[in-house]
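Sequential numbering from 1 applies to the sequence shown in full-length UniProt numbering.
Virtual Cβ for every residue (Gly too), placed ideally from N, Cα, C.
Inspection log for the structure reproduced underneath, given as C-alpha cells.
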Amino acid sequence: MRVAIVGGGMAGLAAARQLADDGADVVLLEGSSRLGGKLLLGEVGGLSLDLGAESILARRPEGLDLMHAVGLDDRVVNPRTSDAAIWTHGSLRAMPPTVMGIPASAELNGIAEVTPHVVDVPEADVSVAEFVSARLGADVVDRLVEPLLGGVYAGHADQLSLQATAPQIAALGSDLLAGATKARAEAAASGPVFAGLVGGVGQLPDAVAAGIEVRLDATVREVARTNDGWRISVGPTTDVEVIDVDAVVVAAPAPAAARLLAEVAPDAAFALAAIDYASVALVTYVFDDGPSFEGSGFLVPPVDGTFIKAATISSNKWGWVADTGRTVIRASVGRAGEATLLQSDDTDLTARALADLRTAFGGLPDPLDSLVQRWGGGLPQYAVGHLDRVDTIERDIATVPGLEVCGAAYRGVGIPAVIASGQAAARRLLGGTMAS
Ligand SMILES: Cc1cc2nc3c(=O)[nH]c(=O)nc-3n(C[C@H](O)[C@H](O)[C@H](O)COP(=O)(O)OP(=O)(O)OC[C@H]3O[C@@H](n4cnc5c(N)ncnc54)[C@H](O)[C@@H]3O)c2cc1C
Numbered sequence: 001m002r003v004a005i006v007g008g009g010m011a012g013l014a015a016a017r018q019l020a021d022d023g024a025d026v027v028l029l030e031g032s033s034r035l036g037g038k039l040l041l042g043e044v045g046g047l048s049l050d051l052g053a054e055s056i057l058a059r060r061p062e063g064l065d066l067m068h069a070v071g072l073d074d075r076v077v078n079p080r081t082s083d084a085a086i087w088t089h090g091s092l093r094a095m096p097p098t099v100m101g102i103p104a105s106a107e108l109n110g111i112a113e114v115t116p117h118v119v120d121v122p123e124a125d126v127s128v129a130e131f132v133s134a135r136l137g138a139d140v141v142d143r144l145v146e147p148l149l150g151g152v153y154a155g156h157a158d159q160l161s162l163q164a165t166a167p168q169i170a171a172l173g174s175d176l177l178a179g180a181t182k183a184r185a186e187a188a189a190s191g192p193v194f195a196g197l198v199g200g201v202g203q204l205p206d207a208v209a210a211g212i213e214v215r216l217d218a219t220v221r222e223v224a225r226t227n228d229g230w231r232i233s234v235g236p237t238t239d240v241e242v243i244d245v246d247a248v249v250v251a252a253p254a255p256a257a258a259r260l261l262a263e264v265a266p267d268a269a270f271a272l273a274a275i276d277y278a279s280v281a282l283v284t285y286v287f288d289d290g291p292s293f294e295g296s297g298f299l300v301p302p303v304d305g306t307f308i309k310a311a312t313i314s315s316n317k318w319g320w321v322a323d324t325g326r327t328v329i330r331a332s333v334g335r336a337g338e339a340t341l342l343q344s345d346d347t348d349l350t351a352r353a354l355a356d357l358r359t360a361f362g363g364l365p366d367p368l369d370s371l372v373q374r375w376g377g378g379l380p381q382y383a384v385g386h387l388d389r390v391d392t393i394e395r396d397i398a399t400v401p402g403l404e405v406c407g408a409a410y411r412g413v414g415i416p417a418v419i420a421s422g423q424a425a426a427r428r429l430l431g432g433t434m435a436s
C-alpha cells in the first residue's frame, strides 16, 4: 500500500514511521523546507539550541518510546531542576506544588488567595476558569491556573475547555484542594515529569524520518478521491504535480486540513475551520553571565500586565546547555487574541522582553546574542466543547475509506500526544485496509 502523509511535524512523522515499520510504502510531503514543524534547532551566539518545543512529558510513554525506537536513548536526559517561580506582586515567588495550577495546599507564598468551596463536577464541558473559580476563587485562576495554561496552550482560562485542556483538574473531584494534595503525593512517587535530549529535542524529527521518502517544499494543494485511491496535488500553483496513492494521512494544522478536506469530508472540514490558533514568539538570549536565580524559570499571570508571559533559564534546566558555560534564557511572548503584541519588529520585541527579564531578575548584563523565533498559529485553542467537535471530525473521516487525520488540533498538543495521534491514525489505516 502506498500512503501519502501531508505534513512533516511530529504527528506526520510518527504516522509515517509507524506505517513504514508496518510495511507500507510511504511518501511524506512537507510544505516547508524542513521537517519538524514546531520542533526546530537553530543557532544563537554560536550555540545550537531548541527554538521551538524543548521538552517532552515523560509521564506518557509515546515520546520516550519513539526516542528509544530511533536510537536516541543515550541522549535522553531529565531537567536538572523543576523548581519554577511565579513572577507576581512585584517579585519572583517559588511556585507552590500544584496540579495544573490547582494548589495542593492553601499556603501559596503570597501568590494568590484561596477561597475553597466543595462543588460537584458537572457532566457538561465548561471553561477552566468557570470550574476553578467556583471552587477556589478567581484569584487562583488569575495567578496560578492562567499562567500555567498560558505556558502550555498560550490560551485563556475563561475560553479553554476543561475536558480537553485540563482533564486532570476535573479528575480532582469536587474538593479540589484535597484532590490536588492526594494527586501530588501520588505523582511524587512516579519519577521525573519531563525529559529532553542532549543537543535538543529538535534532533528527533530527522531521526524519525530516517529511511522514509521525504519531499520538502512540497505543499499539498488538494487531496481528491479517485476510483481506487487518492490523487494528491503538490507544489506551486504554477507547476502542480500529481501523486497517486492508496491512502492519505492529513497531519497539517487545522486551517490547512480544513482547506484540504473541504470536498472529501465537508463536516470535518467545517469543524476544523472553527478551531482557533494562538501565535507566540520565543526570544532566546545568550549571556556570558546570568542571574543568581537557580530555578528552571518563571511564569507570569496576565493580570500583572507584563510583556512576557514566561521565561525559561535553559542553562539552569538542561545540563547540556549549562555545559556550554553560557547563560541561556528564553522569554515567551503572546497568548491567544494578542496578535498585536507580536506586531512589533524583532529589535523592539527583543528589547521589551529583555526589560521584563531585567526587572524580574533585578538586573542582567547585555546579551552576547539573541534571536526571535516567531510561531504564527503555533498552538490550537481547545475551546469549550472541543471534544464534541473532534468527535464530529473523527466520525466524518471514518466514513471516507483511506483517509486519516492526526496532529495537535485534536486530542492534545504536547509532543507525546501528537505522536500518539499519528501512530493511531497509521494503525487505523492499516487495520481498515486489512479488513477490507
Ligand atoms: C513555541 C512552542 C513551544 C512548544 N513547546 C513544547 C514543549 O516543550 N513540549 C511539548 O510537548 N510541546 C510543545 N509545544 C507543542 C508541540 O510542539 C506541538 O503541538 C506539536 O509539535 C505539533 O505537531 P504537529 O505535527 O501536530 O504539527 P506541526 O508541528 O505544526 O506540523 C505540521 C506540519 O505540516 C506542514 N504543513 C502545513 N500545511 C501543509 C500542506 N498543505 N502541505 C504540506 N505540509 C503542510 C507544516 O509546514 C508543518 O511542518 C510547543 C509549541 C510551540 C508553538
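Any heavy atom of ligand 1 closer than 7 Å to the Cβ of V220? Within the cutoff, so yes.
Go ahead and label H89 buried or exposed: buried means 16 or more other beta carbons lie within 10 angstroms of its beta carbon, across all protein chains shown. Label assigned to H89: exposed.
Between D83 and G295, how many whole angstroms is the CB-CB distance? I'm expecting something under 8 Å. The C-beta distance from D83 to G295 rounds to 4 Å, short enough to fall under 8 Å.
Looking at C-alpha atoms only, which residue of D346, A180, A251, A336 is the closest neighbour of D276? Of the listed residues, the one whose Cα sits closest to D276 is A336.
Straight-line gap, D304 to P367 (C-alpha atoms, nearest Å): In a straight line, the C-alpha of D304 is about 25 Å away from that of P367.
Taking 6 Å as the limit between beta carbons, can you name the residues of its chain near R374, skipping five residues before and five after? Cβ-Cβ distances below 6 Å link R374 to A281 in the same chain, with the five nearest sequence neighbours on each side left out; the list follows chain order.
Tell me which residues share the same chain as G101 and place their Cβ nearer than 6 Å to its Cβ, disregarding the 5 neighbours each side in the sequence. Excluding residues within five positions, the ones whose Cβ falls inside 6 Å are L144, V145, L148.
Report the rounded CA-to-CA distance for T114 versus L177, giving the unit in angstroms. Before going further, note that residue 114 is Val rather than Thr in the sequence given. Distance between the alpha carbons of V114 and L177: 10 Å.
I want to know whether the segment 66-83 touches the segment 249-265 - three or more CB-CB distances under 8 Å. By the Cβ rule, the segment 66-83 does not count as touching the segment 249-265, because fewer than three pairs are nearer than 8 Å.
Compute every distance between the C-beta of S127 and the non-hydrogen atoms of ligand 1, then say whether any falls below 7 Å. Answer for S127: no, Cβ out of range of ligand 1.
How would you call D128, buried or exposed, if buried means at least 16 neighbouring beta carbons within 10 angstroms? Residue 128 is actually Val in this sequence, not Asp. Classification of V128: buried, given that the 10 Å Cβ count is 16 or more.
Would you mind working out which of D120, N316, G9, I86 sits nearest E30, comparing C-alpha positions? Nearest C-alpha to E30: G9.
Cβ-Cβ distance between S314 and R330 below 8 Å: R330 sits close to S314, with the two beta carbons spaced by under 8 Å.
Reference F287; option with closest CA among V250, P302, A94, G325: It is G325 whose Cα lies nearest to the Cα of F287.
Is G7 a contact residue of ligand 1, with contact defined as CB to any heavy atom under 7 Å? G7: yes, Cβ under 7 Å from ligand 1.
Look at F298 and A85 and say whether their C-beta atoms are less than 8 Å apart. Yes, these two residues count as a Cβ contact at 8 Å.
Along the chain, where does the beta strand (DSSP E) that runs through F270 open and close? Per DSSP, F270 is not a residue of any beta strand (DSSP E); the alpha helix (DSSP H) it occupies stretches across 266-273.
Best match in D142, E107, A166 for proximity to G414 [C-alpha to C-alpha]: If we check each option's Cα against that of G414, A166 comes out closest.
If you follow the beta strand (DSSP E) that G151 is in, where does it begin and where does it stop? In the DSSP assignment, G151 falls outside any beta strand (DSSP E) and lies within the alpha helix (DSSP H) extending over 146-153.
Leaving out the 5 sequence neighbours to the left and right, which residues in its chain are closer than 7 Å to L341 when beta-carbon positions are compared? Excluding residues within five positions, the ones whose Cβ falls inside 7 Å are V333, G334.
Could you tell me which whole beta strand (DSSP E) segments of length 3 or greater appear in the segment 227-307? Within the segment 227-307, the complete beta strand (DSSP E) runs of at least 3 residues are 230-234, 241-245, 247-250, 277-287, 297-299.
Would you mind sorting D120 into buried or exposed? The rule is 16 or more other CB atoms within 10 Å of its CB. Burial is judged here by how many other beta carbons sit within 10 angstroms of a residue's own beta carbon; D120 has fewer than 16 and is exposed.
Paired residues, beta bridge with L49 - DSSP: G42.
Inspect the CB distances between the segment 6-21 and the segment 208-216 and report whether three or more fall short of 8 Å. In short, these stretches touch, since the Cβ pair count reaches three.
Tell me the rounded alpha-carbon separation between A14 and G363. Going from the Cα of A14 to the Cα of G363 covers about 43 Å.
When you compare only the Cα positions, how much space is there between L197 and V77? Going from the Cα of L197 to the Cα of V77 covers about 6 Å.
Tell me whether D273 counts as near ligand 1, meaning its Cβ is closer than 7 Å to at least one heavy atom of that ligand. Just to set this straight, residue 273 is Ala in the shown sequence, not Asp. No heavy atom of ligand 1 is found nearer than 7 Å to the CB of A273.
Neighbourhood of A180 by C-beta, 7 Å cutoff - its chain only, sequence neighbours within 5 removed: These residues qualify, in order along the chain: T98, V99, I102, P103, A104, L172.
Reference G290; option with closest CA among A339, R75, E107, F361: Closest in alpha carbon position to G290, among A339, R75, E107, F361, is F361.
D239 vs G402 beta-carbon contact at 8 Å: In terms of Cβ geometry, D239 and G402 do not form a close pair [threshold 8 Å].
Consult DSSP for L379 and reduce its assignment to one of helix, strand or coil. Per DSSP, reduced to three states, the secondary structure at L379 is strand.
E404 - partner residues in DSSP beta bridges: The partner list for E404 (beta bridge, DSSP) reads V249.
What residues in its chain sit with their C-beta under 7 Å from that of R225, if we drop five residues either side in the sequence? Sequence-distant partners of R225 (beyond 5 residues in either direction) whose C-beta falls short of 7 Å from its own C-beta, in its chain, are V264.
Return yes when at least one heavy atom of ligand 1 lies under 7 Å from the C-beta of M67, else no. No, the beta carbon of M67 sits no closer than 7 Å to any heavy atom of ligand 1.
Cut-off 7 Å between Cβ atoms - residues of its own chain near D175, not counting five sequence neighbours on either side: Contacts found: V118.
What does DSSP give as the partner residue(s) for P103 in the beta ladder? The beta-bridge partner set that DSSP reports for P103 consists of T98.
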